[in-house]
Structure formats: structure tokens, C-alpha cells
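Protein chains in written order, with the working numbering: chain A, 1 to 212; chain B, 213 to 314. Heads up, the beta-carbon is just placed ideally off N, CA and C, and yes, glycines get one too. Quick caveat: nothing in here was measured; it's all calculated off a predicted structure.
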């Protein structure tokens, strides 16, 4: 899993530099933001000519999912202020999932920290190497780097699209964004896609059936 | 990407993250809200995929770009490794452009 994070990070670094950023920009983003999806999102919006404000808003909405994660794991971080501050920065999908998989609190804590720290280092190392390698690549258009970006994000999104309710909302949102694109400044159509959530209806499942 | 934007996004993200452990004793999120938050992440990402795969920010982005992303998506769906997804997408688009397709 750490290897996977490093590879994704390297892609992020290389593609970001390919959009014309200095090498240290994706590195700075990864160290301070440490949330891959929102980093791809922000760079993608700005690369498409969108405003940094739209990029920040989209990134924050994307990272709002960390709030329920934090409510769910809570004391796993430890109760001291330092543990909470450092531990919160390591709050990502993977470290949460690892901690939730453990029943014993001590083991949950160990799993959380081990996963968080390992991914922090592998992700950031990957981004640094990718950014440096990206400098060697020339014009992004000739190398099809403009296709690499949406493809990377599609790969990140695909697992969540298995859920029918989420898929319907995502398809509706994408249609709204596409229709709005010729008329609005870049970045805005993506935010407008959130209206796709109006069709979001989760099916009530009283008890999960074993064959599903 | 201005550094200020990176700092604001970083600060906001950290605030969201630390809010959970701090407010845990006082706040409970209804399941509905939780589902909505998680779906909104997917909706945003997928919309950006659609816009950046099919447009250049204003009008249709060309068949080479769309085909590259489609090949990448197919590779991801077939569970190919992440690097393969990216390389296949970029190579398809670059190859089609080399053949003269816009």
C-alpha cells in the first residue's frame, strides 16, 4: 500500500510539473495538505485555467469527508494535544480504515499511526521524485499529459462509483458541469456539479444480504 | 497555483481533520449527512474528470484527448496498476496526435 501511495504521488508530482508548476509546488502541497484527491483536484482546476479560489473551495469540499472520519476514530489518535495535532494531519482514508479494522483500542492506535506515518513518507517521497522527473519531460501536450490527469482521477474515483446512488449523482453532476463549461469561467462548472447531489438517494438497507 | 491558495487549502483541511477528534463528545453526524459528504467528494472528482477529458475549458477538447482518457478508464476498470492507467492514457493521446488526430 505504501508503494501504491508512492507511485500515485510520483504521478501527481510529474503531472503537476507538466502543467507548468515549479518542482517545489507539488512537494509543498503534499507536505502541507496531504490529501491526494484534493491535490489532484486543485492542480487540475488551476491547470484548466480556473481560479485558485475555485480550486480551494473544491479541495475543501472534497476534504470535508475527513470530518466524519475524525468523529468516528476520535481517541485513537491519543488524548495529548501534540498527539491530536500531529495525528490529525495523518487522518486520511487509509489510516482511518486501518484503525477501524482493529477491535482492541491499543492495536487500533498502533495501526493508525503506523499506516499514517508510512503513507506520509511514501506519498511525499513519491511526489518529490515525480516532480524532479517531471522536469525532464517537455511539452505536456505532445506527451499526452493532459490525458494522464483525468485518467489518474478517474482511477481514484472508480471504486466509489460502484455505489448506484453515488454513480447517479456523479453522472448528473458531470452532465451539469459539461453543459455549463462553455458559459462559465473554468473551475465554476465543477463546483456546479454539486447540484448532482439533488438526485442522490441512498437505498435503505435494513440488513445487508450475504449474497451481495 | 499561488502559495497563498496552497496555504489556505492546507489550513482548511487541517481544521476539518482536527475538528473530528475535538468535537467528538459534542457532535454526532446523521448518517444522511455523512453519506452526502462522501458522495460530494466523488461528484466533484468525476465532474473534473468529465470536464478535463472532454473539453479544453471552453469547447470540445478533441478526440485524441477523449480517447486517451477512455483507454485509461478502461485500464482502471480492468484493475490494471495505477502507473499503467496513466501511461496508457498519455500514450494513446500522444499517439493519436502524432497520427494527426486533434
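Check	Outcome
Would you report the Cα separation of residue 190 of chain A and residue 45 of chain A, rounded to the nearest angstrom?	8 Å
Residues of chain C with CB closer than 8 Å to the CB of residue 124 of chain A, please, in chain order.	The structure shown contains no chain C; its protein chains are A and B.
Less than 7 Å separating the Cβ of residue 310 of chain B from some heavy atom of the ligand NAP?	Of ligands this structure carries none, so the ligand NAP is not represented either.
Quick one: what's got a C-beta closer than 7 Å to residue 169 of chain A's C-beta in the same chain, skipping five residues either side?	196, 197, 199, 200
In or out: residue 113 of chain A buried (at least 16 other Cβ within 10 Å) or exposed?	buried
Check the DSSP bridge columns for residue 272 of chain B and list the partner residues they point to.	B:267
Starting from residue 229 of chain B and walking both ways along the alpha helix (DSSP H), at which residues does that stretch end?	215-235
Return the chain-ordered list of same chain residues with a C-beta closer than 6 Å to the C-beta of residue 217 of chain B, the five sequence neighbours on each side being excluded.	none
Helix, strand or coil for residue 308 of chain B? Go by DSSP, reduced to three states.	helix
Keeping to the same chain, check which residues put their C-beta closer than 8 Å to that of residue 122 of chain A; ignore five residues upstream and five downstream.	2, 3, 5, 6, 9
Using a Cβ-Cβ cutoff of less than 6 Å, which residues in the same chain neighbour residue 51 of chain A once the five nearest sequence positions on both sides are dropped?	187
Within 8 Å of any Cβ in chain B, is that where the Cβ of residue 150 of chain A sits?	yes
Closer than 8 Å, CB to CB, is residue 266 of chain B near chain A or not?	yes
When burial is assigned at 16 or more other CB atoms within 10 Å of the CB, is residue 12 of chain A buried or exposed?	buried
Would you identify the three-state DSSP class for residue 181 of chain A, choosing helix, strand or coil?	coil
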